[in-house]
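Residue numbers (my numbering): 9 to 377.
Heads up, the beta-carbon is just placed ideally off N, CA and C, and yes, glycines get one too.
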């Protein structure tokens, strides 16, 4: 029920890094490499189906930015900014479970400002932040959590000024012992980058590693059996020509959301159903679309980019099977919004960049009559 992270502006042809961490939500490197011999594959018999629901121009209000699609229903949200007082200049909220517990971190990752992970419990306030950092780590991001009290994320032993740092995935079961995770391959980036980004209630985690050629390789990891399985795009090569792919979220049905680089070099979101259908989700006219979260209703959330270069803007979105795309901008962060997580009630978490260039976490709660 997840979740992941912007510049963070989180988009480019290569991973945008915070402290050398490839931010969960950034379009990642597009170079390809061989699939490790030890890796399994998901059953994938369906040809990718491209979803191109039209999306309307965003309209801001003081409390919400409901943007209806041609087939969808506009949703109004109540927005709240949530920043940990330990660093009010940089917070990202990455996941939310059905009890309203939020995963996130503070600290930009620049030298001297390391990422520090936390969980935030309702009712939200400074006293309800609980620090969560991998033992002995220099940096940690808590990227995902489930309803059983289990969390996932990644950690680093470095906080280098050049933002090039090692990354290792981790999971923690019900607030107890931490466990580090690395996909079994001899073809790693240097330094290695391996991140867990989401987890469901069956303790199936998803994430990615970067191989020696700079491509992302998405996978699932069964915490109970310790089994790794590659996430692949059906109909695409699985070897050196395979697309760069990040698996960022998984729901309790086993449906996986994320993003990949298509044959034309575009960054596309996807929803990979457990039983075979693979949907490519593209916001029409966007230069990139990335999915970061999915709930048990197959509501997918993420961010899309309009334009390129210095003129690019980032907007959050939700997508539902019956309603299509709805664009969501935090009112104080028009054009700088990323949505990372969604729970079964449709509550959203993410972050935006404010008028003084701080990165702020936020919640967006549907207004229910």
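I'd like to know whether the C-beta atoms of residue i and residue j end up nearer to each other than 8 Å.
| i | j | result |
| --- | --- | --- |
| residue 368 | residue 91 | yes |
| residue 204 | residue 186 | no |
| residue 183 | residue 157 | yes |
| residue 370 | residue 83 | no |
| residue 216 | residue 224 | yes |
| residue 197 | residue 220 | yes |
| residue 301 | residue 348 | yes |
| residue 167 | residue 147 | yes |
| residue 331 | residue 311 | no |
| residue 115 | residue 153 | no |
| residue 258 | residue 201 | no |
Any idea what DSSP makes of residue i, helix, strand or coil?
| i | result |
| --- | --- |
| residue 141 | coil |
| residue 243 | coil |
| residue 134 | helix |
| residue 252 | coil |
| residue 340 | helix |
| residue 317 | helix |
| residue 191 | coil |
| residue 153 | strand |
| residue 124 | strand |
| residue 231 | coil |
| residue 174 | coil |
| residue 260 | coil |
| residue 218 | strand |
| residue 285 | coil |
| residue 202 | strand |
| residue 97 | coil |
| residue 238 | strand |
Can you have a look at residue i and say buried or exposed, based on whether 16 or more other CB atoms are within 10 angstroms of its CB?
| i | result |
| --- | --- |
| residue 127 | buried |
| residue 134 | exposed |
| residue 256 | buried |
| residue 315 | exposed |
| residue 283 | exposed |
| residue 159 | buried |
| residue 299 | buried |
Could you tell me which of the options sits nearest to residue i, measuring between CA atoms?
| i | options | result |
| --- | --- | --- |
| residue 277 | 292, 305 and 284 | 292 |
| residue 136 | 143, 123, 146 and 110 | 110 |
| residue 270 | 317, 243, 167 and 105 | 243 |
Is any beta-carbon of chain B found at less than 8 Å from that of residue i?
| i | result |
| --- | --- |
| residue 350 | The chain labelled as chain B is not found in the depicted structure, where only one protein chain is given. |
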